[in-house]
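Residue numbers (our numbering), protein chains in the order written: chain W, 185 to 511; chain C, 16 to 394; chain F, 267 to 483; chain H, -9 to 497.
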Amino acid sequence: MPMHPHAQPNFRNLFWYPFKITLITALRTFPFIGKRFGKRLGAYHNTSHPEFLDDGSRARAASSAVMNDIGRQEFAPDRVTSDLKPTLWKPQTVQYPYERLEDMEPWLFVPGNYNGRIGVIWETCTACKMCVNICPNDCLHMTTELRVDVLDNAEGENAGLGMELEVGKFAAVEVPEVVAELDSFNHVTAHTAPPEEWRFAEVLDLSGDNATVRWNDSGEEAMIATSELYPADDQIVSGRIDLGRCMFCGLCMEACGFTSFFMTNEYDGMSGFTRQDLWFDASRTRVLPGVHQEAVDAELAKRASKERDKRARKAAKAAAEAAKGDA
Amino acid sequence: MAQMWITMGPQHPMTHGLWTLRVKVDGETVVDTDAELGYIHRGVEKIAEARDFTQITPYCDRLCYVSAMTWANSYIYAAEDLLEVEVPERAEYIRLIAAECQRLASHLMWLGAYGPDIGSLTLMTWCMRDREMFLDLLQELGGSRMHYNYPRVGGVKRDMPVGFADRLVAKVKLFEHRIDEYEMMLDESTIWLVRLQGVGYAKAEEMVNAGVSGPNIRAAGVNYDVRWAHPYSVYDQVDWEPAVEKPTSVKGADCYDRYRVRMEEMRQSCRMMLDAIEKIPGGKNTNYANGDEMILAKAPTRAPEGATGFSHYECTRGASQFYIQGGGDGRGKNPYRLSIRSPMFITIPFVAKTMIGYKVADIPAIMGSFDPCIGETDR
Amino acid sequence: MGMRITNAQADAAAEHAVESVNARFGGSDVVATVEHHANALKMAFVRIVAPPQHWTAVAKHLKFDLGTNYCSMVTGTHHPEGGAERGWEVVYHLMRQPVANQAPHTNTVHVAEELQGMDVPLEVEVVLTLPQGQTPSVPSVQSLWVGADWNEKETWDLVGIQFEGHENMHRVLNPHDSPEGFHPLQKQHKIRYHDFNEMYDDAQGFGRKPTDEGRVK
Amino acid sequence: MKDNYDLVGFFLSKDGLLRSGIIGVLEGTPLEESASSLSFAVATFAVVNVVFLLLFFSQFAILWIERKAVARMQDRYGATTALRSLWVGENGVTAGEWWNMLPFGLGKPLGAVNKYLNKNFGNRDEKFATVDRVNNRSWMGKTIVPGFFQNVADGMKFLVKEHMVPQRADRLIFEVSPFLIVSSTLLILGMIPLSSGIYATNPDLSILYAIAIFGIAPIGVFFAGWSSNNKYTLIGGIRSAAQLTAYEIPLLLTLLSVAILSGTFNIIDSIHFQHSAGAWNLFLMPLGAVLFLVTMIAEVERVPFDMPEAEAELVEGWWTEYGGMRFGMLFMAEYIRTYAACFLFTHFFLGGWHLPFQGTLAALLGDSLNGTIEFFPGAIMTLVKSWLVFLVVFVWARFSLARIRTDQILEFGWRMLLPLAVLQVVLALVYRLYLFNPDGMSGQNDPVGGAAWDAFGIPSFVPIVTTVFWLAVFFVYLNDEDKSVNQERMFHVHTDKPAGTVSPGKE
């Protein structure tokens, strides 16, 4: 195309080139002409078939039909020329409530790429407050309480690998009469909170099979057999994310070391009429059940393996000292 | 005719953002101008003093909201200078690709706004259509379309997703034909030439003295570019040339030269991305896990007392600079003082003065050709 | 291939600048040193530490003898607990750019590797430390570099450093009617963390208290 | 050419149905002696109403043409769902059944029509049935012409908008000037014929009348700009006044040359002349045609000459302060003036309601065809021709070109167009005096048309030579690439090939 460097304003340039290019652009959009002369008219949508899904997503999508036909999507670099829609009758814009952009262009919403609504796995959260500290706009608020860790008495091959008593940490002792009463306590009709079945104390030292602890409520010290003591620590009770302040920067997702913070693909449903509507509590930050289950299992397995390694290392160290001792 | 002050006020199609240009007009000719900035001053420099180094990146994205990636990169280079961190080669290549992709999107936003300023309404829709392609690419990298929070001190947050390279090549190749179409539409249209040539003259030395930088100064005929003058990243290993224009008159660069420079810069960005994606160490289709040492180096979070960091970066609109004095609240996690130099904060008053003598209808032509972005101006 | 200024060129330019500054200001306590950035490419730059009263002379020397034609940034910092002689600090960043007016229909194409002498881009950082006190003042360089004009206005507006000889000093980033002595970047203005409750009771008048009263983050 | 659909004849002829009926009715009554004049008044009123409504509602066609052409030129094509949204509602009912609010149950038929259309054309596809609070605006309903009533909806919207008068505006002039513009625009429609029989009025000097009326609007524009007490509108008003006066004169001269060529000042006669002389004026004076179009674009302030309403610096130019139906009227007036310009171009240069090559066809096919041509209504030909002119000239130019600065517009107007217009008048005189032989003219109703322009024995020699000559001039100018100017194209800095031609990545 002859490109005149510093084009001089002359009659030829007055209208010929602009008129020609707008005509070409218009002809490209006609359903039949555009298709036949696309290449010559500059449609140029090369139909290269790049990879859309990484292995993880493809494995996960193996079952569902929808995700599979995403793979067969004809990729057009520019929306205009992908013939996903009949061109004459259909408006060009995606009709939002009826059509979704993630159906039209699934490669934009590959899981893990898009910073959408925040999804939290509250079960695996260990209340370490890393996310609360990293958030630039201070949108995360968390309330924690001293509790016996539910996950510790998990069954299956990860059983028994929960936390261990440590000096300086907390421990809990069951209150037998409350345990008996709890069986008959009807949570639904009772107007008061259920009585506390654990009594918490701080572990001072773990000499033999007895441990000296200082009760949290009364403060005086006592000696209790370690077998009765259950390890306890701060567990998260309620958390809230103020999406009114959040800028979706994703730092909380990176700061969380326990894969319990996700940013899902969802971009809608985060609106409200008052600022309170924008406070997302546990119920509104759910993640898809499949993802939730995978994350919990992965987290449990990770903790279990870490615990096994720790115990193995401790055992090996003890063995080494024993060997050194008697050598 | 009586001279009168017209306020091309904060809310005006010409301003491309929130600032006021009061113009004293004698009939149609501009006699005097007065620029008024500061409408969206958010005090990023003050907020940065209470945040640690990773938390500041999202704020730097929001400095110039049209080219967020380049501004976040600019800040991160300063933080890396302060914390003495070496970035792995692959991360530098990804940052280069992301920055050039953002430069394209930003130049398209400029052209899309500049067209209707001069009267050609079709440009807005064409440019937005093409900008969508590059916003999709950046969304795959950073996770959202405008503010990505993508670079980290020591590398990048996340590696290129699978298939990103193929999609990038497909889109850039299509866009190169689209630039030919823009040039067919504009370069040769007499009305476009008559409105831009001979309007808004600015000499090279006058601009340098006034602190103008970037494409505006390359339009005056010198290929000065921060990417080679104060080198950073891997611009020397990638195939590109600074786009430079030959001004037509001794009075310096006019609006047409600035328009030509930006069109050529778009071509150079395409060329750079196509070359970088082939040369990227670690292969273009591999995908490393987040935090892998190929894309993110180990970086300290505290700055030694009295250390300073400085970065000089070629943003889409000019040379953006960050100056950080480390050792904040005794623990060094926060910067003691973060100073941001915005190219447009100094260019806008200069342009306001160059408008004197031209017609009222030339104000959008001249102002638009310098591509003002008010987010970075007011910080 | 892309081109770049090599470290050797930058070092040579920096050393030349440092020698000329130290030669010119040997006696007085103006000290120029060659420093290197700490990131991957370790580029060299010149740091000049000078008392404010010599600043105009140093500035003229930089502009006319070393060809520094570009004042890019003026940063003011407030050091309330920095000891008696380090109350305020003004840092100028100046650049030398090989840019010259072009004859019509011509352009200068620098090939980075072949630039020598005064054509090599140079980065200069001038640090002026001012003693404690309420009215830090530094001579203005508005006449030397037009680019410094709005930078100085911004520095006065945000940090409160007076620039003697700066005409038409007015606020640029703060509203024009902000109180006389108010300069936000001074350290006594703590950035007040709007904790969860204050955010909703502040002047914007949302006026509603959140349910969990009194609980800080 | 005699037109079967002689609306005027039907209404106004003395022994016509309408008039004789009225005269018959008033037979015995005291109004008897003024019966004929009374019937004339009623008949004229009926004719004017029919023609005006025909013209006015066919105007939505050009609005629709513009929206569809623009959408495709700007690469954002697609049907608009305006029409469907009017009648498609949640499970068959438009949100809220607003027609029940109309007094005296006037809304009932509207509701019935709506429900009927919903049931048959509305959203019958179950796939989208599960839509909750959002109105069920699916595009599934089929319409013939998608989005045709979008402009009607936009126009009606202005009826409900508030009309605000700026504080210290000159109230009287501020409120009168839109009507000044609109009324003068509608007057032009009064004398535009759709075909030889369908016209509201046929003044003898209709060309002069048209141009005089076209000249009134600039005053209204200037008043609007001045009285809105706003600096932007003042500048817009002054720019517009300067531009319209600068382009009024070349317009007059062009029409003068048309009048000279056709020998009459009456539009209908000039069209008959074109048929009976055997050549459309376009081929006799192509320079005049181009001049007419350029000046008309400037007259109606469309894009290349759009400075008075330039968005970039004047927001809306002299329209800025208007709101409510006055803004709607101004907007409509702009499109009516454009529509009138297209009609005038069709009448003066494209032979009004005659089919292209109608004369030669009639000659070749003999009278077997003539019967059919009689039944083809000329009005449709006029409408189609003006719509095409609108599409090619006004719409295509608006979305390909940019805006010229005011002083450049004026310079172009005075320096370039005026001399060309004078040249065109001279050419028209020469053509009329030397190249036109009156005895070649055929009768007005002769379908074959005459051969008044065939000098030197060659049939229609003059139009062919003129057209070829001006096309040659056009192509010479089109390819005047001045190779001599060296290619100072910005070069790749290291290579000597021009940057533009070497597109990286292009295989």
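The beta carbon of each residue, even a glycine, is placed where N, CA and C say it ideally should be.
Cross-strand partners of residue i (DSSP beta bridge)
i, result
"W:Ile408", "W:Ala395"
"C:Gly170", "C:Arg167, C:Leu311"
"W:Met326", "W:Gly423"
"W:Ile302", "W:Met447"
"W:Trp382", "W:Glu358"
"C:Gly267", "C:Ser264"
"F:Ser403", "F:Gln428"
Residue i, buried or exposed, once every other Cβ within 10 Å from all chains shown has been counted against 16
i, result
"F:Pro387", "buried"
"F:Glu418", "buried"
"C:Gln70", "buried"
"H:Leu334", "buried"
"H:Gln264", "buried"
"C:Trp125", "buried"
"W:Val294", "buried"
"H:Leu73", "The pLDDT assigned to H:Leu73 is 44, lower than 50, so where the model puts this residue is not dependable, and the model offers no usable value."
"F:His442", "exposed"
"H:Arg158", "exposed"
"H:Trp77", "With a pLDDT of only 44 at H:Trp77, under 50, the local geometry of the prediction cannot be trusted, and no value is derived from it."
"W:Val363", "exposed"
"C:Phe190", "buried"
"F:Tyr336", "buried"
"F:Phe472", "Low confidence applies here, because F:Phe472 scores a pLDDT of 41, under 50, leaving its location unreliable and the question unanswered by this model."
"H:Met297", "buried"
"C:His27", "buried"
"H:Glu116", "Summary for H:Glu116: the model assigns pLDDT 43, below 50, so the residue's position carries little reliability, and this model does not support an answer."
"F:Glu446", "exposed"
CB of residue i within 8 Å of CB of residue j, strictly
i, j, result
"F:Ala325", "F:Val404", "no"
"C:Ser248", "C:Glu107", "yes"
"C:Ile292", "C:Gly170", "no"
"C:Asp132", "C:Gly213", "no"
"C:Val253", "C:Met287", "yes"
"C:Lys368", "C:Glu43", "no"
"H:Leu391", "C:Ile206", "yes"
"C:Arg242", "C:Glu329", "yes"
Below-8 Å beta-carbon distance, residue i vs any chain A residue
i, result
"W:Phe432", "In summary, chain A is missing from the structure at hand, where the protein chains are W, C, F and H."
Report the residues of the segment 322 to 349 of chain C with a CB closer than 9 Å to any CB of chain W, ordered along the chain. none
Could you please tell me which residues of the segment 443 to 465 of chain W, in chain order, have their CB closer than 8 Å to any CB of chain C? Met447
Using Cβ-Cβ distances below 8 Å, what residues of the segment 388 to 406 of chain H are close to chain C? Arg388, Phe389, Ser390, Leu391, Ala392, Arg393, Ile394, Arg395, Thr396, Asp397, Gln398
Short of 8 Å Cβ to Cβ, which residues in the segment 362 to 376 of chain C face chain H? Lys374, Val375, Ala376
What residues from the segment 57 to 70 of chain C come within 7 Å of chain W, judged by C-beta to C-beta, listed N to C? Arg66, Thr69, Gln70
Would you list, in chain order, the members of the segment 191 to 209 of chain C that have their beta-carbon closer than 7 Å to a beta-carbon of chain H? Glu191, Asp195, Glu198, Ser204, Ile206, Trp207, Val209
Within 8 Å, do at least three Cβ pairs link the segment 328 to 345 of chain F to the segment 354 to 368 of chain F? yes
Between the segment 196 to 209 of chain W and chain H, which residues of the former have a C-beta closer than 7 Å to a C-beta of the latter? Arg196, Phe199, Trp200, Pro202, Phe203, Thr206, Thr209
Interface residues of the segment 315 to 342 of chain F facing chain C [CB-CB below 7 Å]: Asn335, Tyr336, Cys337, Ser338, Met339, Thr341
Count Cβ pairs between the segment 247 to 264 of chain H and the segment 409 to 419 of chain H that sit closer than 8 Å; are there 3 or more? yes
Touching or not, the segment 210 to 226 of chain C and the segment 260 to 279 of chain C, by the rule of three or more beta carbon pairs under 8 Å? yes
Cβ pair count under 8 Å reaching 3, the segment 299 to 314 of chain C against the segment 250 to 267 of chain C: no
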